[in-house]
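So the sequence shown is residues 17 to 280, counted in the working numbering.
The beta carbon of each residue, even a glycine, is placed where N, CA and C say it ideally should be.
Every value quoted in this text rests on a predicted model; they were computed, and no experiment measured them.
Structure first, commentary second.
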Amino acid sequence: MIRRIDALAYESGLRRLPAAHKLLFSLAALTLALISHPPVQALLFVWMSVWILVYARTPWRVYVAAVGASLVFLLAGMPALLLEAARLETAGPAAGVLASRELGGWVVYVTEEGFRRGWALAVRSQAAFVCFAFLFFTVPFAELLQVFRRLGVPAVLTDLLMIMYRFIFVLLETAQQMWIAQRARGGHAGMTAALKDAARLVFQLFARAMLRYRQMYISMTARGFADDFQVIGTVASAAPSKRYQREAAAGLIVLAILEWWMRG
């Protein structure tokens with residue numbers, strides 16, 4: 017998935033726009049996503065999805081898969097917000113209970129307040145995610161590092177980002193090779209065997225990945241690495257688009273006015 021997203025950033029329909037403009041637009045939308053009400057956040061999600069699917073021409077299957085992956089993490093933490101529990105002997109009638117169930121000596125229930133809290137978090141997280149997704153699908157990582165350097169971000173931070181970005185690819189490639197090797201030896205045959213093989217893969221993955229990372233560092237040192245990564249990613253013909261600038265500004269202003277109206 018990460019390799020696919022990186023390739024799509026280079027093939028994006030917004031590839032010729034300046035990376036700094038796309039970063040500024042993404043940060044402005046992210047700020048609005050974090051401070052606005054759920055209806056505005058929902059509209060922001062739809063609007064940014066139009067930018068990703070229509071203007072950037074990102075394949076909808078890839079975008080849906082990315083949104084689905086974010087929903088998995090969201091759902092994993094949702095029970096902590098939705099569910100409340102109390103012992104049967106101490107539990108009294110609670111106001112606003114939507115559903116309840118007895119489990120042993122406990123009663124687990126969902127309240128209206130918990131549901132509203134979970135819904136607000138879900139909408140806000142997805143609105144924030146789509147702002148980051150716009151950045152990932154339209155700006156190659158090398159160009160993003162160049163923008164950070166022009167903004168005065170210390171070189172040590174951009175180098176750390178570059179190393180972490182490279183390490184993700186090393187980790188995924190190592191995991192894929194180990195998984196293929198396990199399948200070739202007859203692994204993952206049945207639920208029990210699949211769980212054991214997955215545990216073995218996770219146990220060995222970090223050691224293998226660190227070995228690959230060490231080899232990468234030795235190869236960089238042998239090529240004269242001077243403690244500073246030099247990346248090439250600037251589009252020579254990058255130029256601002258007045259149409260996209262007007263649409264981005266108008267959309268953000270309309271959403272900001274709507275948020276102001278809801279607060280008033």
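DSSP-derived helix/strand/coil call for residue i
i	result
Thr127	strand
Val169	coil
Val146	helix
Glu159	helix
Met103	Note that residue 103 is Arg in the sequence shown here, rather than Met. The answer is strand: DSSP assigns Arg103 an E or B state.
Per-residue burial, residue i [other beta carbons within 10 Å of its own, 16 or more giving buried]
i	result
Glu128	exposed
Met236	exposed
Lys212	exposed
Pro256	exposed
Lys258	exposed
Tyr125	buried
Leu271	buried
Ala225	buried
Glu275	buried
Gly134	buried
Glu189	exposed
Pro170	exposed
Val167	Looking at the sequence provided, one finds Leu at residue 167 rather than Val. Exposed, since its Cβ has fewer than 16 Cβ neighbours within 10 Å.
Closest residue to residue i among the options (Cα-Cα distance)
i	options	result
Arg132	Leu119, Val146, Leu99	Leu99
Ala136	Val56, Ala149, Ala254	Val56
Arg103	Leu97, Val186, Leu119, Val155	Leu119
Ala284	Leu268, Leu274, Arg279, Trp276	Since the first residue of the chain shown is 17 and the last is 280, residue 284 is not available in this structure.
Tyr229	Gly130, Ile184, His53	Ile184
Val88	Pro170, His53, Phe145, Val218	Phe145
Leu40	Ser65, Arg279, Phe148	Phe148
Leu24	Glu263, Leu217, Thr154	Thr154
Span of the alpha helix (DSSP H), counted from its first residue to its last, around residue i
i	result
Ala92	76-98
Leu40	35-51
Leu59	54-66
Ala72	Where Ala72 is concerned, there is no enclosing alpha helix (DSSP H), given that its DSSP letter is neither H nor E.
Boundaries (first-last residue) of the beta strand (DSSP E) holding residue i
i	result
Ala254	Looking at the DSSP string, Ala254 is not in any beta strand (DSSP E), and its letter there is neither H nor E.
Val270	It is not in any beta strand (DSSP E) - Val270 instead sits in the alpha helix (DSSP H) that spans 258-279.
Leu119	113-119
Discussion item. Counting beta carbon pairs with one atom in the region 125-144 and one in the region 37-50, are three or more of them shorter than 8 Å?
Written reply: Three or more beta-carbon pairs drawn from the region 37-50 and the region 125-144 are found closer than 8 Å, and the two stretches are therefore classed as touching.
Discussion item. Contact between the region 115-124 and the region 20-37 is defined here as three or more beta-carbon pairs at a separation below 8 Å; is this criterion met?
Written reply: Contact fails: fewer than three Cβ-Cβ distances are below 8 Å.
Fill in: the region 68-82 in contact with the region 184-194 per 3-pair CB rule at 8 Å
Of all C-beta pairs linking the region 68-82 to the region 184-194, fewer than three are shorter than 8 Å, placing the two stretches out of contact.
Worksheet item: Do the region 176-190 and the region 75-86 touch if we need at least three Cβ pairs shorter than 8 Å?
Response: Verdict: no, contact absent.
Worksheet item: Is it a yes or a no for the region 33-44 touching the region 158-169, going by three-plus beta-carbon pairs under 8 Å?
Response: Verdict: yes, contact present.
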